[in-house]
Amino acid sequence: METRVKVDLSFTRNLGNYESIKIGVGIEDWVRDGETADSATERVYKFVEDKLIQKTREVEEELKSGK
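Structure follows, in structure tokens:
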């Protein structure tokens, strides 16, 4: 049986006037050969964290430009 790890992160930004936007990113992956569950979790967490930061920046740019 293969061990799987799952990481979900979200970021909520208050836009004012009782509005907010929530961005969520998650991924499930398996523990690869030579990895422990902890190292696989760290790998997946880093990927999800980087992707959440990227997507948050993209959304912030879209909001600034009025898209």
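Per the working numbering, residue 9 is the first one in the sequence shown, and the count goes up by one each step.
Backbone N, C-alpha and C fix where the C-beta goes; we use that ideal spot for every residue, glycine too.
Please read all numbers here as calculations on a predicted model, not as lab measurements.
From residue i to residue j, what distance separates their C-alpha atoms?
i	j	result
Val52	Glu68	24 Å
Asp16	Glu43	20 Å
Ile31	Asp58	13 Å
Asp41	Met9	13 Å
Locate the beta strand (DSSP E) running through residue i, then write down its first and last residues.
i	result
Asp37	27 to 38
Gly24	12 to 24
Counting contacts by CB-CB distance shorter than 7 Å, is residue i in contact with chain C?
i	result
Thr44	Of the protein chains in this structure there is only one, and it is not chain C.
Given a threshold of 16 other Cβ atoms within 10 Å of its Cβ, counted over all protein chains shown, does residue i qualify as buried or as exposed?
i	result
Leu60	buried
I'd like to confirm something about residue i: is its beta-carbon nearer than 6 Å to some heavy atom of the ligand GTP, or not?
i	result
Ser18	By its list of ligands, the structure shown contains no ligand whatsoever, and the ligand GTP lies outside what it can speak to.
How is the alpha helix (DSSP H) around residue i delimited, first residue to last?
i	result
Thr44	First-last for Thr44: undefined, no H or E at that position.
Taking C-alpha atoms, which residue in the options lies nearest to residue i?
i	options	result
Ile35	Asn25, Glu27, Arg12	Arg12
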